[in-house]
Amino acid sequence: MSELQIMAVMYEASKWICQKVEKLPRSYRFTLGDRLVNTALDLYLLLVEAQYTSNRGLILKRANLELEKLRHLLRLSQELTDLSLKSYHYICAQLDQVGKMIGGWQKSV
Numbered sequence: 001m002s003e004l005q006i007m008a009v010m011y012e013a014s015k016w017i018c019q020k021v022e023k024l025p026r027s028y029r030f031t032l033g034d035r036l037v038n039t040a041l042d043l044y045l046l047l048v049e050a051q052y053t054s055n056r057g058l059i060l061k062r063a064n065l066e067l068e069k070l071r072h073l074l075r076l077s078q079e080l081t082d083l084s085l086k087s088y089h090y091i092c093a094q095l096d097q098v099g100k101m102i103g104g105w106q107k108s109v
């Protein structure tokens with residue numbers, strides 16, 4: 001597993017989430033939308049941190065927790081807003097890929 005691969009996938013997922021949040025209804029954009037963006041960016045930055053530190057185990061555990069939070073927020077977003085099922089499945093597949101990469105990275109540590 002290449003650290004660059006996981007960074008690229010999470011970068012694209014974060015960018016996708018930011019773009020989708022802009023289109024959320026105003027009533028959710030500044031609550032759920034902000035939380036989605038912040039969680040995605042927190043996860044991305046944890047992966048950056050893990051890439052440049054020797055104590056990766058704890059950071060990758062935190063990254064896994066952020067990933068799980070992001071999955072739950074996306075599910076809520078899909079149910080409450082007009083996020084299409086196709087879009088939801090797309091981002092879930094991206095996040096599943098990130099989760100597998102984090103798991104592989106944890107095993108190698």
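If you're matching positions, the sequence shown starts at 1 in this note's numbering and goes up one per residue.
We put the beta carbon where it would ideally sit given N, CA and C, even for glycine.
Per DSSP, the unbroken alpha helix (DSSP H) holding GLU12 starts and ends at 3 to 21.
In the three-state reduction of the DSSP assignment, ASN38 falls in the helix class, which pools H, G and I. The Cβ-Cβ distance between LEU43 and LEU70 falls below 8 Å.
The count of Cβ pairs closer than 8 Å, one atom from the stretch 51 to 62 and one from the stretch 11 to 31, stays below three, leaving the stretches out of contact. Apart from sequence neighbours up to five positions away, the residues of its chain that approach TRP16 with a beta-carbon distance below 7 Å are ILE91, ordered along the chain. TYR90 sits in a helix when the DSSP states are folded into three classes. When DSSP states are grouped into helix, strand and coil, TYR52 belongs to the coil group. Residues of the same chain with a CB within less than 7 Å of the CB of ALA50, apart from the 5 flanking positions on each side, are ARG56, ILE59, LEU60, ALA63 in chain order. Using a 10 angstroms sphere on the CB of GLU12, the tally of other CB atoms stays under 16, which defines it as exposed.
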